[in-house]
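K.L.:
Residue numbers (the numbering used here): 500 to 638.
C-beta: ideal position from N, C-alpha, C; glycine also.
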Amino acid sequence: MKLEAYLFFNDQAAEAFDFYASCLGGKIAMKVAMGEMPGCDQLPPEAKKQIAHVRLEAGDAVLLGSDWCGPTPEPYPGIHGNAVCISARNPAEAERLFASLSQGGKVTMPIAETSWALRFGMFTDRFGASWMVNCNRPA
500 MKLEAYLFFN DQAAEAFDFY ASCLGGKIAM KVAMGEMPGC DQLPPEAKKQ
550 IAHVRLEAGD AVLLGSDWCG PTPEPYPGIH GNAVCISARN PAEAERLFAS
600 LSQGGKVTMP IAETSWALRF GMFTDRFGAS WMVNCNRPA
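1. According to the neighbour-count rule (16 or more other Cβ atoms, all chains shown, within 10 Å of its Cβ), is Ser586 buried or exposed?
2. If Cys634 sits next to Ala593, beta carbons under 8 Å apart, how far is it from one beta carbon to the other, in whole angstroms?
3. Assign Asp540 to buried or exposed, taking buried as 16 or more other Cβ atoms, counted over all protein chains shown, within 10 Å of its Cβ.
4. Between Asp559, Val553, Cys522 and Ile527, which has its C-alpha nearest Glu535's C-alpha?
5. Quick one: Cα of Ser565 to Cα of Gln549, how far?
6. Would you call Met608 buried or exposed, if buried means 16 or more other Cβ atoms sit within 10 Å of its Cβ?
7. Between which two residues does the beta strand (DSSP E) containing Ser601 stretch?
8. Is Ser601 buried or exposed, if buried means 16 or more other CB atoms sit within 10 Å of its CB?
9. Which same chain residues end up closer than 6 Å to Glu631 when comparing Cβ atoms and leaving out the 5 residues on each side of it in sequence?
10. Taking 8 Å as the threshold (C-beta atoms), are Lys547 and Met533 in contact?
11. DSSP three-state call for Leu596: helix, strand or coil?
12. Which residues in the same chain as Thr613 place their Cβ atom closer than 6 Å to its Cβ, once the five residues preceding and following it in sequence are excluded?
13. Just tell me which of Glu514, Glu503, Pro574 and Met500 has its CA closest to the CA of Asp624.
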């Protein structure tokens with residue numbers, strides 16, 4: 500089994516995933532706009548630009564997402580109640596990932612050594628997604 504995170508954005512999915520790709524050293528493997536979806540030719544022009552699905556691959560890691568779009572009448576609820584957790588291979592990688600991904604966001608716990616990790620830190624990025632960066636202690 501492989502567990503993959505899926506994030507919803509308020510018309511910022513394309514920008515967010517380009518940012519994540521640059522920070523994580525990954526690539527956008529798939530990006531589909533609403534206007535490319537079957538049956539969506541009647542959408543207003545601004546809705547056609549929204550991202551229906553995006554897939555980022557960075558090594559073995561996969562991050563998925565889209566804009567909050569489509570036929571739902573509910574307003575965008577924001578991203579809350581979860582966090583994307585990155586397990587870094589070493590403290591230097593943890594610090595690099597934390598610094599790049601938190602740029603322009605809000606740090607809620609600065610990255611530092613903890614009782615359970617060589618490095619651990621938390622932040623909300625500039626797109627509203629919560630992240631945890633962790634570098635485990637050797638077993």
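P.N.:
So, to answer that:
1. Ser586 should be labelled exposed.
2. Contact flag correct, Cβ pair sits at about 4 Å.
3. Taking all protein chains in view, the Cβ of Asp540 is surrounded by fewer than 16 other Cβ atoms within 10 Å, so the residue is classified as exposed.
4. Of the candidates Asp559, Val553, Cys522 and Ile527, the one whose C-alpha sits nearest the C-alpha of Glu535 is Val553.
5. Cα to Cα, the separation comes out at about 8 Å.
6. Met608 is classed as exposed because its beta carbon has fewer than 16 other beta carbons within 10 Å across all chains shown.
7. No beta strand (DSSP E) holds Ser601; DSSP gives it neither H nor E.
8. Residue burial is scored here from C-beta neighbours: Ser601 has at least 16 other C-beta atoms within 10 angstroms and is therefore classed as buried.
9. One detail in the question is off: residue 631 reads as Met in this sequence, not Glu. Cβ neighbours of Met631 beyond the five flanking positions: Ala582, Cys584 and Met621.
10. The beta carbons of Met533 and Lys547 sit closer together than 8 Å.
11. Leu596 sits in a helix when the DSSP states are folded into three classes.
12. The answer, listed in chain order, is Phe619.
13. Ranking Glu514, Glu503, Pro574 and Met500 by Cα distance to Asp624 puts Glu514 first.
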